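Visitor: According to the numbering used here, the stretch in the sequence shown is residues 57 to 435, in order.
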Amino acid sequence: MNVHLLKSPELSEDTYRDVVHVLRQYPGPIRFIESELGIMDAEPKDHYWEDEKKFDTKDHVVFPQYSLISDNEMRHSFPMTDQRLTWQELFRQCENYRTLRTVPSDDHVILLTNIGNDKNWFGSIDESLKNYFIHTENWSHYFQNHIDVRFPIAYEVIVWLLRGCIYSSRYELQQHLHTTSIGCFMDYCENKKEIILKMRTADICPSCLDHINQKDLPSNFVNQILDTMDGIRNNLIFRERVRIMRRPSRIQVEGFMKKIYLTDFGNLEVRLNPKERSLYLLYLNHPEGISLPELYDHRGELLTIYQRLSGRESNEDMQRTIQSLVNPIESDINVNLSRIRRKFKDAVGEELLHFYDITGEHGAEKSIKLDRELVTYKD
Ligand SMILES: [Zn+2]
């Protein structure tokens, strides 16, 4: 089964790739296909929010039993502004993509977008049960702290996909939604804050399980969905626990390009560019630390790493890059250190940053504190 994941232009490339990466970790018949285009030919309208309660509440929608939904605009005018499109406009993006790329009608098409929707839902499905949108913003608002948005977005993708496959119409789907949240994937979550319960539990209640059984879906399809839900829940819970326990994740340095992955954070890649990554790998190789003036003595080692990671430049350019990096008079090194710091902070949060960043007293050795037992290299 093919599932095309569309990216609307304002959604960050990194978030999009991270979500695809999460979804592709669980083997099975569902194939997640990336779209290269920024899909969106509709103009979002400004939306004003009066208060938090409205912001947190889904608009009630009644799916008609036999006909297509009449998409009445339910507009509010409040002091806070964001942007929204109607459901119709969002589903139209999926349809347009189908036409543009001649997507087979059996394939599923899911638009991931930062733009809100006029019913204030996390995501939805159209009457064909093959087109979807997922709202990719506001997750920190619901989880009330820093959250790795890959997981709730990936979770919504998988939940909507499952719903799309087990019901024969939106009407039937709606009949089976749980109006009271019980931690099942069919929880309606009218109060959007209840989404936390749904994701932390990431469960399927006995009656929904019965329903899935009756549908006679291929067992490898169901297993892939269940594995993905379990994986996402474990990651969400693990990350919360890690924050409280202050225990760092393992690092894996992988492949020819020596990309850096946080093993226990759902294999999140820390996206350092070749220059930053070369510097980081050098410091990983030197647990004893290297002061900034001493970097000059390591320029050979640094250049060897950089030559491998930076394919495109000429040898002369690469030497110049490394010369500038190890030159204590230039600020290049500080710029790179602070970029590395920011990228790790985004990935692991403030509490765990001190295990990963390259730090030390001014003028003294700088080093990465992480226990090297937690670092593995894989070709
Ligand atoms: Zn249920």
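We put the CB at the ideal spot given by N, CA and C, even for glycine.
If you're wondering where the values come from, they're calculated on a predicted model, not measured in any experiment.
For ligand 1, is there any heavy atom lying closer than 7 Å to the beta carbon of residue 242?
Guide: Locating residue 242 in the sequence shown gives position 186, counting from the first residue. Indeed, a heavy atom of ligand 1 lies less than 7 Å from the Cβ.
Visitor: On the CB-based measure, 16 or more other CB atoms within 10 Å of its CB, does residue 36 come out buried or exposed?
Guide: Coverage of the chain is limited to positions 57 through 435, which leaves residue 36 absent and any answer about it impossible.
Visitor: Excluding the 5 residues flanking residue 35 on each side, which residues of the same chain have their C-beta closer than 6 Å to its C-beta?
Guide: Because residue 35 is not part of the residues shown, which for the chain are 57 to 435, the question remains open.
Visitor: Determine the direct distance from the alpha carbon of residue 247 to that of residue 152, and round the result to whole angstroms.
Guide: Indexing the sequence shown from 1 puts residue 152 at position 96. Indexing the sequence shown from 1 puts residue 247 at position 191. Roughly 32 Å between the two C-alpha positions.
Visitor: Check the C-beta distance from residue 300 over to residue 307 and give it rounded, since I have them as a contact under 8 Å.
Guide: Here residue 300 corresponds to residue number 244 of the sequence shown, with the count starting at 1. Here residue 307 corresponds to residue number 251 of the sequence shown, with the count starting at 1. Contact flag wrong, Cβ pair sits at about 21 Å.
Visitor: Can you tell me which of 174, 158, 116, 329 puts its alpha carbon nearest to the alpha carbon of residue 144?
Guide: Here residue 144 refers to the residue found at position 88 when the sequence shown is read from its first residue. Of 174, 158, 116, 329, the residue nearest in Cα terms is 174.
Visitor: Taking the alpha carbon of residue 313 as the reference point, which residue from 361, 356, 340, 273 has its own alpha carbon closest?
Guide: The residue given as residue 313 occupies position 257 in the sequence shown. Looking at the Cα atoms, 361 is the closest of the given residues.
Visitor: Buried or exposed, going by whether 16 or more other CB atoms sit within 10 Å of the CB of residue 270?
Guide: Here residue 270 corresponds to residue number 214 of the sequence shown, with the count starting at 1. That one is exposed.
Visitor: Please give the ranges of any alpha helix (DSSP H) in the region 210-277, keeping only runs that are unbroken, at least 4 residues long and fully inside the region.
Guide: 226-231, 251-257, 262-271
Visitor: Using 8 Å as the threshold, is the region 320-333 in touch with the region 393-412, meaning 3 or more CB pairs across them?
Guide: yes
Visitor: Confirm the yes/no value for this check: CB of residue 264, any heavy atom of ligand 1, distance under 7 Å.
Guide: Translated into positions along the sequence shown, residue 264 becomes position 208. Because some heavy atom of ligand 1 lies under 7 Å away, the Cβ of residue 264 counts as near it: yes.
Visitor: Once you ignore the five residues that flank residue 240 on each side, which residues in its own chain have a CB closer than 8 Å to its CB?
Guide: Your numbering for residue 240 matches position 184 in the sequence shown. Excluding sequence positions up to five before and after residue 240, its CB lies within less than 8 Å of the CB of 234, 254, 257, 259, 260, 261, 264, all in the same chain and listed in chain order.
Visitor: Beta carbon of residue 207, beta carbon of residue 279: below 8 Å?
Guide: Within the sequence shown, the letter at position 151 stands for residue 207. Within the sequence shown, the letter at position 223 stands for residue 279. Not in contact: residue 207 and residue 279 (Cβ atoms no closer than 8 Å).
Visitor: Can you tell me the Cα-Cα spacing of residue 399 and residue 190, whole angstroms?
Guide: Within the sequence shown, residue 399 is the residue found at index 343, counting from 1. Within the sequence shown, residue 190 is the residue found at index 134, counting from 1. Looking at the two C-alpha atoms, the distance is approximately 26 Å.
Visitor: Do residue 381 and residue 328 have their beta-carbon atoms positioned less than 8 Å apart in this structure?
Guide: Against the sequence shown, residue 328 aligns to sequence position 272. Against the sequence shown, residue 381 aligns to sequence position 325. Taking 8 Å as the Cβ cut-off, residue 328 and residue 381 do not qualify as a contacting pair.
Visitor: Taking DSSP's pairing of strands, which residues face residue 102 in a bridge?
Guide: Looking up residue 102 in the sequence shown gives position 46. BP columns for residue 102 point to 139.
Visitor: Can you tell me which of the three DSSP states residue 328 falls into?
Guide: Locating residue 328 in the sequence shown gives position 272, counting from the first residue. If DSSP states are grouped into helix, strand and coil, residue 328 belongs with coil.
Visitor: Is it buried or exposed, residue 81, if we count other Cβ atoms within 10 angstroms and call 16 or more buried?
Guide: The count along the sequence shown starts at 1 and reaches residue 81 at position 25. By the neighbour-count rule (16 or more Cβ atoms within 10 Å), residue 81 is not buried but exposed.
Visitor: Please work out which residues of its chain come closer than 8 Å, Cβ to Cβ, to residue 77, disregarding the five sequence neighbours upstream and downstream, and give them in chain order.
Guide: Locating residue 77 in the sequence shown gives position 21, where the first residue counts as 1. Within the same chain, residue 77 has close Cβ partners 206, 323, 325.
Visitor: Thinking just about the alpha-carbon of each residue, which of 363, 364, 338 is nearest to the one in residue 352?
Guide: Here residue 352 corresponds to residue number 296 of the sequence shown, with the count starting at 1. For the residues 363, 364, 338, the minimum Cα distance to residue 352 belongs to 338.
Visitor: Just the Cα atoms here: how many angstroms apart are residue 285 and residue 61?
Guide: As a working note, residue 285 is residue 229 in the sequence shown. As a working note, residue 61 is residue 5 in the sequence shown. So the alpha carbons of these two residues sit roughly 18 Å apart.
Visitor: Can you give me the start and stop residues for the alpha helix (DSSP H) that residue 352 sits inside?
Guide: As a first step, residue 352 must be located in the sequence shown, where it is residue number 296. For residue 352, no alpha helix (DSSP H) segment is defined, and its DSSP state is neither H nor E.
Visitor: To the nearest angstrom, how far is the alpha carbon of residue 412 from that of residue 149?
Guide: Here residue 412 refers to the residue found at position 356 of the sequence shown. Here residue 149 refers to the residue found at position 93 of the sequence shown. Residue 412 and residue 149: Cα-Cα distance of roughly 41 Å.
Visitor: For residue 159, collect the residues of the same chain with a Cβ closer than 7 Å to its Cβ; drop the 5 residues on either side in sequence, then sort them by chain order.
Guide: Taking the first residue of the sequence shown as 1, we reach residue 159 at position 103. Within the same chain, residue 159 has close Cβ partners 60, 153, 165.
Visitor: Can you tell me where the beta strand (DSSP E) holding residue 90 begins and where it ends?
Guide: Position 34 of the sequence shown, counted from the start, is the residue given in the question as residue 90. Residue 90 -> beta strand (DSSP E) spans 87-94.
Visitor: Look at the alpha carbon of residue 274 and the alpha carbon of residue 161, and state the distance between them as a whole number of angstroms.
Guide: Working through the sequence shown from its first residue, we reach residue 274 at position 218. Working through the sequence shown from its first residue, we reach residue 161 at position 105. About 19 Å.
Visitor: Alpha carbons only, please: which of 137, 169, 106 is nearest the one belonging to residue 147?
Guide: Sequence index remark: in the sequence shown, residue 147 carries index 91 (1-based). Out of 137, 169, 106, 169 has the C-alpha closest to the C-alpha of residue 147.
Visitor: Using a threshold of 7 Å, is the CB atom of residue 260 nearer than that to any non-hydrogen atom of ligand 1?
Guide: Working through the sequence shown from its first residue, we reach residue 260 at position 204. For ligand 1, at least one heavy atom lies less than 7 Å from the Cβ of residue 260.
Visitor: Among 243, 211, 344, which residue has its Cα nearest to the Cα of residue 283?
Guide: Residue 283 sits at position 227 when you count from the first residue of the sequence shown. For the residues 243, 211, 344, the minimum Cα distance to residue 283 belongs to 211.
Visitor: With residue 69 as the anchor, note down where its alpha helix (DSSP H) starts and where it stops.
Guide: Indexing the sequence shown from 1 puts residue 69 at position 13. Here the alpha helix (DSSP H) through residue 69 covers 69-79.
Visitor: Since residue 188 is in the beta strand (DSSP E), which residue starts that stretch and which ends it?
Guide: Reading the sequence shown from its first residue, position 132 is the one you call residue 188. From DSSP, the beta strand (DSSP E) with residue 188 extends over 187-191.
Visitor: Could you spell out the range, first to last residue, of the alpha helix (DSSP H) harbouring residue 377?
Guide: Sequence index remark: in the sequence shown, residue 377 carries index 321 (1-based). Start and end: 371-382.
Visitor: Give a single yes or no on whether residue 234 has its beta carbon closer than 7 Å to a heavy atom of ligand 1.
Guide: Numbered from its first residue, the sequence shown carries residue 234 at position 178. Between ligand 1 and residue 234, a heavy atom-to-CB distance of less than 7 Å is present.
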